[in-house]
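Just below is one structure, and these are the notes that go with it.
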Amino acid sequence: MTELAAEIHRAIQAYCAQARALPLTATDFYDWLAALPPDRRAEVKAQGMRASKAEPEFLSFCLEWRGYTLWNFMAGHLSLEAFDHWVASGQSAGKLPRRQPAASGNTTPHPRA
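Quick note: the sequence shown uses my numbering, first residue 323, plus one each step.
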């Protein structure tokens, strides 16, 4: 893993760790299920909500739903070089089904630029 990839990975882990303070509910789980592709939905539903509480995709979905956008978190926690690399690679933490951040969130320059 390159230095930039490691920095991005650590930031994504820190982002998902914020979800520990959230009350994750059945409503969150069913909203997330509705956002998933049908084949993934069946798999997740079979595993249940309890297993989903350890899934970064579910945690990210819950954070995004409450206004804690991944984009803004990464902008504030990555070096400029790592942030640029993350943006160029698609601005995601993998296959994260989530509501899109507000347009203003995606156009804000990096805070350390």
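For glycine and all other residues, C-beta sits at the position ideal for the given N, C-alpha and C. Keep in mind it's a predicted model, so treat the numbers as computed, not measured.
- A buried status is given to Thr391, since no fewer than 16 other beta-carbon atoms sit within 10 Å of its beta-carbon.
- Under the three-pair Cβ rule at 8 Å, the segment 347-363 does not count as touching the segment 397-409.
- For Thr324, same chain residues with a beta-carbon under 7 Å away, outside a window of 5 residues either side, do not exist.
- With a beta-carbon spacing of about 7 Å, Leu400 and Ile330 fall inside the 8 Å limit used to define contacts.
- Nearest in C-alpha terms to Cys338, of all of Ala368, Gln413, Asn394 and Glu379, is Glu379.
- Listed in chain order, the non-local C-beta contacts of Arg363 below 6 Å within the same chain comprise Leu355, local neighbours out to five positions each way being set aside.
- Excluding five sequence positions before and after Glu403, the CB atoms of its chain that fall closer than 7 Å to its own CB belong to Leu326, given in chain order.
- In the structure shown, Gly389 adopts coil according to DSSP, grouped into three states.
- When the beta-carbon positions are compared, Leu344 and Arg388 come within less than 8 Å of each other.
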